[in-house]
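Just so it is clear: in the sequence shown, position 237 is 237 by the working numbering, and no numbers are missing.
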Amino acid sequence: MILGRGRVLIALTALTVMLSGCAETELIVHTAKRITNISKPPKSEGRYKVGSPYQIKGVWYYPRVDYGYRETGIASWYGPNFHQKRTANGEIFDQNALTAAHRTLPMPSAVRVTNLGNGRSIVLRVNDRGPFAHGRIIDLSRRAAQLLGYERQGTARVRVEILAEESRRLVALAKQGKIVRVASSSGPVPLPVPVPPATPKISVSAAPLAPLPDTDVSVSRVPEPPRKKSGPSAVELSRQAEPGTVATQPVKDTRIFVQVAAFSNRGNADLLLGRLSGVGHARVHEGSVAGKQFYRVRFGPLTSVAAADRILDGVIGAGYPGAQIIVD
């Protein structure tokens, strides 16, 4: 009996070793399959692109070349969910590169983005379309948001200015099939580099109008007054913003509004004001641009981006999808 039990133990031990070996073999084979099935990252094929007009959530956007572009508003950022996916111009999105998505600027374009809350400023390359959330004017890569100091908050009040000469050079290179990258490591945020103060510039932005029934006025956008060339040139600005470098720009206090429309006729502004009474307390703000009087229907000033988002949702729900969040 003792001998029989010894044989049984030996047999069980051998079986255990065999099963263990099979399990290990299966694990190796399964792992090998997973390794061999990993596809190579797609090749980046960035190209110059402006694009045709398009509509998102009831709002039309008109891509065009605009080397005088300058706008203030709210910036957001995007990263992990889009990392290694194609951008609108065929590049492969890298959340650690200094890039941005814009609704209308050519791809590529060079823009300076300044956080109006802390003065941090960097140069980015536009290589994608977006953002398509209401109330945002530009979507930055995750690394760019880190450098500007708003990754955790998610949004920031910003000023976006195109750099004309740098953009023209990027376009020329893109048409030759070359992609100039503005990349940054994922290391600590560098200290800001001071930039000589520039003469303050006036910027007036207005939302594309949602058509008013039974009215014959349609003012799509308040034109920006002519701006004098002052402060650092575009070339100087680019030198102050080498890859990964954060500059500091002089900034002033700003306020947040939700602008529904702008009119050249006060009567139309008052008419719209009455129709928005169910959303909240809006006001008509008078302004003069290039000698022309405008009447802007706005909510605010508002205490935060979150408060502006709530009002904006209400205005859009009331039938005015062209309303925008304005920072001035």
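From the three backbone atoms N, C-alpha and C, an ideal C-beta is built for every residue, glycine too.
Query: From Ala261, Leu302, Gly130 and Ala144, residue whose alpha carbon lies closest to that of Arg103; Result: Gly130
Query: 9 Å Cβ cutoff met for Ala110 and Ala144; Result: no
Query: Local Cβ density within 10 Å of Thr303, reported as buried at 16 or more and exposed below that; Result: exposed
Query: Residue(s) in a DSSP beta bridge with His285; Result: Arg296
Query: Sequence-distant residues of the same chain with beta carbon closer than 8 Å to Gly280, five excluded per side; Result: Phe299, Ile311 and Gly314
Query: Whole-angstrom C-beta distance between Tyr48 and Ala174, which should lie under 8 Å; Result: 4 Å
Query: Straight-line gap, Ile316 to Ile325 (C-alpha atoms, nearest Å); Result: 12 Å
Query: Asp139 beta carbon less than 9 Å from that of Ala88; Result: no
Query: Contact check, Val260 vs Ala306, beta carbons under 9 Å; Result: no
Query: Segment limits, alpha helix (DSSP H) that includes Leu124; Result: It is not in any alpha helix (DSSP H) - Leu124 instead sits in the beta strand (DSSP E) that spans Arg120 to Asp128.
Query: Bounding residues of the beta strand (DSSP E) (the contiguous stretch that carries Leu140); Result: Ile138 to Ser141
Query: Closest by C-alpha distance to Leu116, when choosing among Thr72, Glu151 and His285; Result: Thr72
Query: Alpha carbon of Pro106 to alpha carbon of Val327, nearest angstrom; Result: 23 Å
Query: Distance between Gln55 and Pro63 (C-alpha atoms, nearest Å); Result: 11 Å
Query: Euclidean distance between Cα positions of Ile137 and Arg255; Result: 16 Å
Query: Residue closest to Glu91, alpha-carbon to alpha-carbon, out of Ala247, Val113, Pro108 and Thr114; Result: Pro108
Query: Residue(s) in a DSSP beta bridge with Ser76; Result: Asp139
Query: Gln95 versus Gly68 - alpha carbon distance; Result: 28 Å
Query: Contact under 9 Å by Cβ, Phe263 with Ala308; Result: no
Query: Nearest neighbour of Gly119, chosen from Val246, Gly319, Leu273 and Val297 [CA to CA]; Result: Val246
Query: Phe93 to Asn81 span [Cα, whole Å]; Result: 10 Å
Query: CB of Ala269 within 9 Å of CB of Val251, strictly; Result: no
Query: Beta-carbon spacing of Val160, Arg112 below 9 Å; Result: yes
Query: Counterpart residues of Ile92 in DSSP-defined beta bridges; Result: Arg86
Query: Closest residue to Ala75 among Ala282, Tyr61, Gly154 and Glu166 (Cα-Cα distance); Result: Gly154
Query: Ala261: first and last residue of the uninterrupted alpha helix (DSSP H) it sits in; Result: No alpha helix (DSSP H) holds Ala261; the beta strand (DSSP E) holding it covers Ile256 to Phe263.
Query: Nonlocal neighbours in the same chain, by C-beta distance under 8 Å from Glu151, ignoring five residues either side; Result: Trp77, Arg142 and Ala145
Query: Cβ-Cβ separation, Val284 to Leu273 (assumed contact under 8 Å), whole Å; Result: 6 Å
Query: When Gly51, Trp60 and Gly46 are compared against Tyr320, the one with the closest alpha-carbon; Result: Trp60
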